[in-house]
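Enquirer: These protein sequence lines map, in sequence, to chains A and B.
Each step along the first sequence adds one to the number in the working numbering, with nothing skipped, and position 467 is 810.
Each step along the second sequence adds one to the number in the working numbering, with nothing skipped, and position 184 is 968.
Could you have a look at this structure, given as C-alpha cells, before my questions?
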Amino acid sequence: MSSHSILSVKNLTVEFQTSEGLLRAVNNVSFDIPQGKTIGIVGESGSGKSVTSLAVMGLLQKPAARIPNGEIYFNGQDLLKFDEQQMRSLRGNDISMIFQEPMTSLNPVFKVGEQISEALRVHKNLSKKEAWDKAVYLMNQVGIPKPELSAHKYPHEMSGGQKQRVMIAMAISCEPKLLIADEPTTALDVTIQKQVLELLQKLQAEYKMSMMFITHDLGVIGDIADDVVVMYRSNVVEKNHAETIFQSAQHPYTKGLLACRPKLGANPKRLLTVSDFMTDSGEEKIVPVERVQVFDKEIELKESSPVLLEIDQLVTQFPIKGGLFGRTVDHFKAVDGVSFKLKKGQTLGLVGESGCGKTTLGRSILRLVEPSSGKIIYDGKDITHVHHEELRQLRKKMQIIFQDPYSSLNPRMTIADILMEPLNIHKVGANKNERFDMARELIEKVGLKSNHMGRYPHEFSGGQRQRICIARALMLKPEFVICDESVSALDVSIQAQVLNLLLDLQQEFGLTYIFISHDLGVVNFIADEVGVMYAGKIIEMDKASRIYKNAKQDYTRSLLSAIPKGITKNSMAPLI
Amino acid sequence: MKSNSLWKDAFYRLSKDKLALCALFIVVIYFLVAVMSGAGWIASSWSQEVGASNLAPSLDHLFGTDIFGRSVFQKLIRGTQVAMSVGVAAAVIAIPIGVILGALAGYFGGWVDDFVTWLYTTFSSVPNIMLLISITLILGKGIFSVYVALGATSWVNLCRLIRGEVMKHKEREYVQAAGAIGGGHFRKLFRHILPNVGHIIIINTSMQFQVAIKSEVILSYLGLGVQGEPSWGTMIDDAKLELVRGVWWQLAGATIAMFLILLAFNILGDALRDALDPKLKGK
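Have a look at this one:
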C-alpha cells in the first residue's frame, strides 16, 4: 500500500446470500484515499457504493454478507483481520460516518448534547461535564446557533439541516482520521445542502481529515471531491482526479451521469440519459447530434392558448391546537394569498424550500385539502366549493403525481388493479377486458412492459414505480396534472428519464402541468413559467429563462447559487 | 424474480420456519380432533363406563379412567372440542366488532374516535376475569354465555391495534392517491387501508385464541363454564380433590392438552408476526 494513503481498498469483493442465490454487490473494487483528501464515490442506487463503505466500517450484516477476497488497509493495518473488539474501538474514533437520513439517525429520546457527548465519553474517557462542554464547543463549530441552549434540545425540535449538523458534530467529535459521508445531503433542500457541503469542507481543512463522500449526484461531488470513483453495477468503471472526470470523462456511464442533470439556463429539449451514451451491455453509443442541441424555451411559448386555471388570493390555513382541551388557539397559514394564471398546455414550476407551502398549494388546488378562502377557477368555472358528484367529475380532469413512489402505490394491489381502479371508479370502459386493454396501452406508453401488469409494486425500482404512478394519473385522460416533487426521490440518472417521459406525455396528450420541486435546476428545465414560494407566498414569478438570468429577489438568487454547478472546486471549469 | 404477493411471501417464510410448521401441525391436529368430535365420529361415548373407577393409565386406557370409570382420554377429546369452539366463537364475535370499530375510529377521527376510545377504555378498565364472571352470571351458566363473554372482552385489543394502524395508513400517499382519482371514504377504507392492516387481524387472532382457551378453562374451573360436558377446566376442578388419593392422570391429561395448544399458538403467533409484519422485513 502507498505510504500516503489513509485508506487503501484493494480488490474488494462483497457477496450477499439471498433467497435467490449469491449476489455480488461489490466486485474487485480498488481505490486509495490519500491523507487529507476527499474521494467521491458516485453511482446510482444498488451500484454497491454504500456496501463498500459499510465494509470499511465493518458494519456488514453477517453471516448474510461475506468478503471472499480483498484487503482494506487503514493506516497500514488490514481491517478485515480485526476482531469486533478492535473494530469497535476504531469506529467513531478513527473512522466515523454520517448517514443519509438525519431524521432517523438521531435517537429521539436523548438530548442532542447527550448524543454528541456519548462518543466522547466512550472513546476519550471524558467526564460527563467535560464531554458536555466539548459537545457545546463542537455544536458551535458546526454552526448551530446558540449552542449552549441548543444542546438541551431534542432532535424533533430541530430542522433537518440542523440535525445533519448535529450528526456531523458527532462524527468529528473524536477527531477521526477518516470521515465517511453516505449521501449526507440527499435528503436536504438545495440551500441547506450547500451550507452542509461548505461546512464539511471547512471542517476537513481544520481537522486535516480524509473524507469518503458517497453520492448519486455527480454535480454535488464537483463541489467537494479531489478524486472521483464512479461505480456502476458493482464495478468501478472510472476513477480519476475530479477535474479530469468533469472535463474528459472516459467511460460512457460517467458521460451519461454528467449530462443527465438539468443545468440552469441552456438545456437540450430532452435531457440526455445514461442510455444515450451506452447500451445495456455497457458498450458505448454515439449520441445523436439532434439530442445535444440546446433548445431555447422562449421561442415555443404558446402565448395565445386560453387560461385553464386561475387562482385568486388562495389561503389555506391549519388550526394550531393548544391549551388543556386542545382548543384552536391560532391558525397557521400554509398558503397565504396566492394568485396566478396558468394557460392550457403550459407548465408552471413552483420552487421553494420544505415548509414553504408549495405542497399544500398543490393539494388545495385539487381540493385534497380544503382552502380557507380565495378562489380556484378551472376552465372558467369556480370550483372552490363544489362537492360530491361535481368534485368526483373534476377528479377525472385534474390529477396528481406524488413525491414518494414507495408509499404512493398500495402494496397489496397488482399493477393492473392499481391502473384499472380509476376506470372502475368513474365507470370508464365497458367491461374488465376493455379496462385491462386501456391500462396495458398506457403502461407501454410510460415505458414498462405489459407483462408487468400482474406484479406487485415492491418488485419495481423507484423509477419504475414513478412511471406506474404517472400511468395511474393519466388513466382518466386528465387535462391538468400536478407533479408534487415527483422526481426528488429518484437518482439523477433516473430523474432525467422521468422528466423526459413527462415532457413526451405532455406533448402527446396536451397536458398542463404544475411542477412542484425544491430544485430550481429541474424546474427551470421543465417549466415555462416559474413561481418562487417563500412562507406561503409567491414572491417572484416570471418566465423560466428570465428567472435564471435576472432574478429580482435575493431569496431567488440564493436558491440559484445553491444549485451544484458541477464545477470542480479547484478548476472552476464548467462541465460539458 | 417471481411475482409474489405478500401472502405468498409470508407463506414461503413460514414454510422455512420448522418450529412454526410444528406449531401449525399441532393446531391443525387439534382442529381436526375438535371437528371430528363435534361430528360425533370420535369420543361420542365419553359418558359411558369403560372400566373400573380410577384406573391408572395403561395401554387400554391411555390416560386412565375417572371416578365414574369413564375414559379420561375421551373426555380430553371432548374438552378439545369445547376449547376450540370457544376460541373460534370468540374470534367470530371479536373480529367484526374490533375491526369495524377500530377502522371507523382510526379513519374518521373526531367524535367517532372519541366514542370508540371511550368504549374500549371502559371495557379494558375492568379486569377481564371480573367482566367474564359477571357476563356469565347475567346470561346464566353454559357454553353460550362463555362465547358471548369472551367475544365481548377480546375485541378490545384488536380494536386498539386496528385503530392505530388505520390512523397511520390514512396519511400514506397511496390513500391520498385513491382520493385524487375520485375514490370515496368507503373505497379508501375497505379497498385500500384494510387489506394493508389485514395481517394484524391474523396475528392478533392467533394470540387471542389462546387467551380464549385459557379463559374458558378458568371459567369452567370456577363452575361458570360448560355444563354437563367435559372441559379441561372441569377436569382440573375434579382432579384437585382426587390428587390427594394419588389420582394424577386426569390433571396431567388436561394440563398436557392445554399446554400443547397454548405453546403451539404462541409459537405460531410469533412466527406469523415475523412473516407478516412489514416492519421487520428488509427493504
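A virtual CB, placed ideally from N, CA and C, is assigned to each residue, including glycine.
Given the structure is predicted, the values throughout are model-derived calculations rather than measurements.
Of all the residues that make up the stretch 745 to 775 of chain A, which are near chain B by a beta-carbon distance shorter than 7 Å?
Expert: PHE745, ASP747, SER750, SER751, LEU752, ASN753, PRO754, ARG755, GLU764, PRO765, ILE768 and HIS769
Enquirer: Kindly give me the distance between the Cβ atoms of LEU607(A) and TYR877(A), rounded to whole angstroms, as I take these residues to be in contact under 8 Å.
Expert: Incorrect: roughly 19 Å between the Cβ atoms, too far for contact.
Enquirer: Given a threshold of 16 other Cβ atoms within 10 Å of its Cβ, counted over all protein chains shown, does TYR721(A) qualify as buried or as exposed?
Expert: buried
Enquirer: Which residues, taken in chain order from the stretch 953 to 973 of chain B, show a beta carbon closer than 9 Å to some beta carbon of chain A?
Expert: ARG956, GLU957, TYR958, VAL959, GLN960, ALA961, ALA962, GLY963, ALA964, ILE965, GLY966, GLY967, GLY968 and ARG971
Enquirer: Drop a sphere of 10 angstroms on the beta-carbon of GLU851(A), count the other beta-carbons inside from all chains shown, and report buried for 16 or more, exposed for fewer.
Expert: Counting every other CB atom within 10 Å of its CB across the protein chains shown gives GLU851(A) a total below 16, marking it as exposed.
Enquirer: Roughly how many angstroms lie between the CA atoms of SER346(A) and GLN849(A), to the nearest whole one?
Expert: Its pLDDT being 49, under 50, SER346(A) is placed unreliably in this model, and the coordinates cannot settle the point.
Enquirer: Run the CB neighbour count on GLN1008(A), radius 10 Å, all protein chains shown included, and call it buried at 16 or more, exposed below.
Expert: The structure shown has nothing for residue 1008(A), since chain A only spans 344 to 919.
Enquirer: What in chain B is Cβ-close to GLN742(A), meaning under 7 Å?
Expert: ALA964
Enquirer: Let me confirm a value: MET931(A) is counted as buried when at least 16 other C-beta atoms fall within 10 Å, else exposed. Which label applies?
Expert: Residue 931(A) cannot be examined here, being either before or after the span of chain A that is shown, 344 to 919.
Enquirer: What residues are listed by DSSP as bridge partners for PHE620(A)?
Expert: According to DSSP, which records beta bridges pairwise, PHE620(A) is partnered with nothing at all.
Enquirer: Is it the case that the Cβ atoms of PHE993(B) and PHE928(B) are separated by a distance below 7 Å?
Expert: no
Enquirer: Identify the contact partners of LYS739(A) in chain B, using a Cβ-Cβ distance below 8 Å as the criterion.
Expert: GLY966
Enquirer: Taking the alpha-carbon of ILE986(B) as reference, which of VAL950(B), ILE879(B) and MET1042(B) has the nearest alpha-carbon?
Expert: Distances from the CA of ILE986(B) to each of VAL950(B), ILE879(B) and MET1042(B) were compared; the closest alpha carbon is that of ILE879(B).
Enquirer: Check whether the stretch 823 to 843 of chain B and the stretch 858 to 871 of chain B touch, using three or more Cβ-Cβ pairs below 8 Å as the test.
Expert: Contact between the stretch 823 to 843 of chain B and the stretch 858 to 871 of chain B is present, with at least three C-beta pairs closer than 8 Å.
Enquirer: Does DSSP classify TYR799(A) as helix, strand or coil?
Expert: coil
Enquirer: Cutting at 7 Å between CB atoms, please list the residues of its own chain near LEU1056(B), excluding the five before and the five after it.
Expert: ILE986, ILE987 and SER990
Enquirer: Scan the stretch 818 to 830 of chain A for residues whose Cβ lies nearer than 8 Å to a Cβ of chain B and list them as they occur along the chain.
Expert: MET818 and LEU819
Enquirer: How long is the line joining the alpha carbons of ALA592(A) and THR616(A), rounded to whole angstroms?
Expert: About 15 Å.
Enquirer: Tell me the DSSP secondary structure of THR659(A) in three-state form.
Expert: strand
Enquirer: Can you name, in chain order, every residue of its own chain whose Cβ lies under 7 Å from the Cβ of ASN980(B), other than the five neighbours on each side?
Expert: HIS953
Enquirer: Please list the partners that ARG735(A) has in chain B, where partner means a Cβ-to-Cβ separation under 7 Å.
Expert: Going along chain B in sequence order, the residues near ARG735(A) (Cβ under 7 Å) are GLY966.
Enquirer: Among the residues of its own chain, which have a CB less than 6 Å from the CB of ILE997(B), if the five just before and after it don't count?
Expert: ALA867 and GLY871
Enquirer: Which residues in chain B have a C-beta closer than 8 Å to the C-beta of LEU709(A)? List them in chain order.
Expert: ALA964
Enquirer: Pull up the CB-CB distance for LEU1003(B) and LEU916(B), whole angstroms please, since I reckon it's below 8 Å.
Expert: Sure, about 6 Å apart at Cβ, within 8 Å.
Enquirer: Who pairs with GLU872(A) in a beta bridge, going by DSSP?
Expert: DSSP, once it has assigned bridges, lists LEU691(A) and LYS886(A) as partnering GLU872(A).
Enquirer: If we call anything under 7 Å between Cβ atoms a contact, is ILE564(A) one with GLU526(A)?
Expert: no
Enquirer: For GLY1017(B) and GLU461(A), I'd like the C-alpha separation in whole angstroms.
Expert: Linking GLY1017(B) to GLU461(A) through their CA atoms gives a straight-line distance of about 55 Å.
Enquirer: How would you list, in chain order, the residues of chain A whose beta-carbon sits under 9 Å from the beta-carbon of ASN980(B)?
Expert: In chain order: ASN753, PRO754 and ARG755.
Enquirer: According to DSSP, which residues form a beta bridge with HIS318(A)?
Expert: No statement about residue 318(A) is possible, as the shown extent of chain A runs from 344 to 919 and does not include it.
Enquirer: Who pairs with TYR416(A) in a beta bridge, going by DSSP?
Expert: Beta-bridge annotation (DSSP): TYR416(A) is paired with SER351(A) and ASP421(A).
Enquirer: Alpha carbon to alpha carbon, how far is ALA1036(B) from LEU843(B)? Give it in angstroms, no decimals.
Expert: 16 Å
Enquirer: CA-CA distance, GLU358(A) and SER751(A)?
Expert: 32 Å
Enquirer: What residue from SER682(A), LEU521(A), ALA512(A) and GLY504(A) has the CA that sits closest to LEU531(A)'s CA?
Expert: GLY504(A)
Enquirer: Helix or strand or just coil, what does DSSP make of THR727(A)?
Expert: Here DSSP, grouped into helix, strand and coil, assigns THR727(A) to coil.
Enquirer: Would you kindly report the start and end of the unbroken beta strand (DSSP E) that includes VAL681(A)?
Expert: 670 to 686
Enquirer: What would DSSP say about GLY1053(B), mapped onto helix, strand or coil?
Expert: helix
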